[in-house]
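The opening residue of the sequence shown carries number 54 in the working numbering; numbering runs sequentially from there. Note that beta-carbon positions come from the ideal geometry of N, C-alpha and C, so glycine has one too. The structure under discussion appears below in the form of structure tokens.
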Amino acid sequence: MIVSKCVFYFFKIFGLATMRLDENETVRDSWCSGSKKGQVYNAILTCSIIASNCYVARLVYKENLSHREFEKTFDVVQYVYTTVTVAVILTVFCFCQGRAVLIANNLRKTYVLVENINSQMSKKEEDPVISGLKRIWITSTVIWISVVFTTSKLQFAVVMYYMTVYPCILIVNCAFLQYTIILHLLKQLFTILNANFLYVSTRQSVVTRKVEAAHSSFQAAEQSSQQFSDLRRLYMLLCDLSMDVSKFYHLIMLFCVTYVFSTLTMWLYYITAPLVTGTTPSKLQYIHSLMIVTYHIFMLIILTKSVDAVVQEKNKRTGEITNGWLANLQNQQLINELNLFSNYLLHKNVSFTAYGLFSLDESLLMSITGSITTYLVILLQFQ
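Structure, rendered in structure tokens:
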């Protein structure tokens, strides 16, 4: 619970948690509730970022920090789009607070229900969500420190630029991180349910072979049928929750992914341009550019891998367990229930997209790589 509170207040600082935590832990159905103060905080944060970034955008353009007019325009456009992306993120969390509260409460409720029914997870082992979060946190922190300490130039315009753009980058990447944490939690819940499906199916097969008395076999089948019904209800609840999460982050991920695409294109251009023109940039600038590219690639990778993990666990692993269970069953009632569940799995396809325009799985990495390569070739022709 302490870790959850620390993560919650971390996101609250960056405007990604406008709700408030209910301190009464006995009320499990209401972990979070709406907060007007959180909405006001987001509104003030949004206005402050827009006002300061508008001033700095004009300053950067007038100071002519880039050597070419094209590069100067490119920098300002990218800077403005970063500001728009942050404004969209903060606005969504401000005006869609009710949906965020509902998702958080449903996630907590589902987690408690799954933990209560779970018979496989060892309590002695470290929570995989927490261990995964630690690795992501440490890696992103190290890369971010490298980005900050390799920042060069001390002109006033450059200092103002980085003082305003760094908080924006942090907010965007916190949105990636928050989505990734939720995906890790969903994947863990699907894994627990699948482990229990496998446990019940295995036990049913063993009992069917060992028990010879008809009455005892009937009781065993009834028990397995009840356990399967409980697991099925939780599974359907988790699928609906996954789709609610996907819909909530549609707009946020649309802007975040396009922001990452434009940012990678810009910084990779500055890395490759000297190779075409024959100029020699300073080592510090070159390392700084590489660190920014690495930071954004890392956040994109952890998001796509998390999406792939959830989709694989839900769409593939559950089907394999269900089909294997059907192959070893003799009870007609349970066979009918499993056939209905199998039909549900066939039509209930959980996916995480940005308004259906593109999927957030690992195929996105190849699409972005191909698009960036194409645009880099076009941009380098201006040299």
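Between residue 364 and residue 414, the beta carbon gap of about 6 angstroms places them in contact (Cβ cut-off 8 angstroms).
Beyond the five residues adjoining it in sequence on each side, residue 73 comes within less than 8 angstroms, by CB distance, of 85, 86, 87, 88, 90, 91 in the same chain, given in chain order. Residue 224 places its beta carbon less than 8 angstroms from that of residue 67. Every unbroken stretch of the alpha helix (DSSP H) spanning 4 or more residues and falling wholly within the stretch 380 to 407 is given here in chain order: 385 to 400.
Cα atoms of residue 344 and residue 222: separation of roughly 13 angstroms, rounded to the nearest angstrom. Assignment of beta-bridge partners to residue 85 by DSSP yields 74. Contact check for residue 227 against residue 69 passes: the beta carbons are separated by less than 8 angstroms. By the criterion of a C-beta distance shorter than 6 angstroms, residue 342 is surrounded in its chain by 320, 323, 324, once the five residues flanking it on both sides are discounted. Classified as exposed, residue 393 has fewer than 16 neighbouring CB atoms from the shown chains inside 10 Å of its CB.
At the C-beta level, residue 215 and residue 204 come within 8 angstroms of one another.
Rounded to whole angstroms, the gap between the alpha carbons of residue 138 and residue 309 is 7 angstroms. For residue 365, the uninterrupted alpha helix (DSSP H) run begins and ends at 336 to 365, by DSSP. Taking C-beta separations shorter than 7 angstroms and ignoring five residues to either side along the sequence, residue 93 has no partners in its chain. Remark: fewer than three beta-carbon pairs, one from each stretch, lie closer than 8 angstroms, so the stretch 100 to 109 and the stretch 153 to 172 are not flagged as touching.
Only buried fits residue 375, as 16 or more other CB atoms lie within 10 angstroms of its CB. Per DSSP, residue 302 lies in no alpha helix (DSSP H) and is assigned neither H nor E. Residue 246 holds the alpha-carbon nearest to the alpha-carbon of residue 284 among 246, 300, 311.
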